[in-house]
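Numbering (our numbering), first residue to last: 9 to 214.
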Amino acid sequence: MSEKEKEKREVMQNAPAKEDSTAEAQDRAFMSLALAQAALAAEAGDVPVGAVLVCRENGQYRVLAEGHNTKEREGTALGHAEMNAIAAACRERQGWRLSDCTLYVTMEPCPMCAGAILGARIPRVVCGTKDPVMGAMGSVWSLHRHPVQGEGADVTCGCMEAACRAQLQAFFQARREAGKATAQENDNALINHLKRTKKPYTVLPD
Ligand SMILES: [Zn+2]
């Protein structure tokens with residue numbers, strides 16, 4: 009085999025792996041920004057969830073907007089990281105359509121955020137950790153794949169999962185130690201525990 013052929017063969021063998029690792033490295037880089045956003049939420053006493061919207065302009069990726077959870081700080085149920093990032097992006101764009109964007113979020117979106125993501129026509133979502141309690145993009149619900157939802161969204165979970173999960177766990181652990189866990193958090197902890205241990209459970213109505 010000639011040197012040239014060898015070279016060509018090597019390139020062909022390595023090409024897919026190289027491409028994948030570049031795409032994955034890029035996803036991790038943007039997820040790191042989402043993690044930094046999540047840390048801002050925790051500093052203000054909110055559950056650490058962060059989101060970053062990245063768009064593609066002239067062949068380059070650009071951070072269009074960032075957001076973090078401000079539910080407690082601003083006293084609004086609408087203050088999820090994804091909602092804040094989408095709202096900021098729409099203000100920046102002066103329009104609602106984000107069909108050229110990828111959303112990076114440290115935790116799987118809830119039904120409200122999944123609705124906003126689909127409404128904004130965001131075609132790709134990269135999540136850190138899954139949410140077994142309220143996750144609406146693959147865990148509890150799969151709104152992005154609902155039959156009436158047309159094309160839906162392409163969802164990838166598990167990007168920097170360990171870091172995203174550790175950040176949430178550290179926050180809840182600190183809250184429990186400080187005796188500040190809410191009844192809902194205690195319920196969620198119990199549901200998660202039961203799911204992990206695969207024991208049957210029933211959630212009784214209030
Ligand atoms: Zn949400």
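Backbone N, C-alpha and C define an ideal beta-carbon position, used for all residues, glycine too.
In this text, all values refer to a predicted model and were calculated from it rather than measured experimentally.
Give me the Cβ distance between residue i and residue j, rounded to the nearest whole Å; I'm assuming they're in contact under 8 Å.
i: Ala-96; j: Gly-83; result: No, Ala-96 and Gly-83 are not in contact; Cβ-Cβ is about 19 Å, not under 8 Å.
i: Met-145; j: Val-163; result: 5 Å
i: Leu-43; j: Ala-171; result: 6 Å
From this set, the options, which residue's C-alpha is nearest residue i's C-alpha?
i: Asn-77; options: Glu-65, Arg-64, Val-141 and Val-60; result: Val-60
i: Leu-72; options: Phe-180, Glu-100 and Ala-31; result: Glu-100
i: Gly-136; options: Gly-123, Gln-192, Thr-190 and Gly-166; result: Gly-166
i: Gly-58; options: Val-113, Leu-126 and Asp-195; result: Val-113
i: Pro-117; options: Arg-105, Trp-104 and Val-148; result: Val-148
i: Met-115; options: His-88, Cys-98, Trp-104 and Arg-183; result: His-88
i: Ala-85; options: Ser-29, Pro-119, Gly-160 and Ala-182; result: Pro-119
i: Glu-80; options: Thr-30, Gly-53 and Leu-41; result: Gly-53
i: Glu-159; options: Arg-184, Lys-138, Ala-189 and Leu-126; result: Leu-126
i: Asp-139; options: Glu-193, Ala-31 and Glu-185; result: Glu-193
Excluding the 5 residues preceding and the 5 following residue i in the sequence, name in chain order all residues of the same chain whose CB lies nearer than 6 Å to its CB.
i: Met-168; result: Arg-36, Met-39 and Gly-136
i: Ala-122; result: Ala-144, Met-145 and Leu-151
i: Asp-214; result: Confidence is the limiting factor: at Asp-214 the pLDDT is only 48, short of 50, which leaves the residue's position unreliable and the question unanswerable from this model.
i: Gly-67; result: none
i: Leu-41; result: Val-60
Quick one: what's got a C-beta closer than 7 Å to residue i's C-beta in the same chain, skipping five residues either side?
i: Ala-124; result: Glu-90, Met-91 and Ile-94
i: Asn-196; result: Val-141
i: Cys-63; result: Arg-70, Leu-72, Asp-108 and Cys-109
i: Ala-191; result: none
i: Trp-104; result: Cys-98 and Ala-128
By Cβ distance below 8 Å, which residues in the same chain neighbour residue i in space, the five residues on each side in sequence not counted?
i: Phe-179; result: Ala-50, Val-55 and Pro-56
i: Gln-34; result: Tyr-69
i: Thr-30; result: none
i: His-154; result: Gly-160
Against chain D, does residue i count as a neighbour if the rule is that its beta carbon must be under 7 Å from one of theirs?
i: Gly-67; result: The structure shown contains no chain D; it holds only a single protein chain.
If we count Cβ pairs, one from each stretch, closer than 8 Å, do we get three or more for the segment 122-130 versus the segment 102-111?
Between the segment 122-130 and the segment 102-111, the count of C-beta pairs closer than 8 Å reaches three or more; the two stretches touch.
With contact counted as at least three CB pairs below 8 Å, one residue from each stretch, are the segment 47-56 and the segment 174-185 in contact?
With the cut-off at 8 Å, the segment 47-56 and the segment 174-185 touch.
What residues come near ligand 1, if near means a beta carbon less than 7 Å from any of its heavy atoms?
Ordered along the chain, the selected set is His-88, Glu-90, Met-91, Pro-117, Cys-118, Met-120 and Cys-121.
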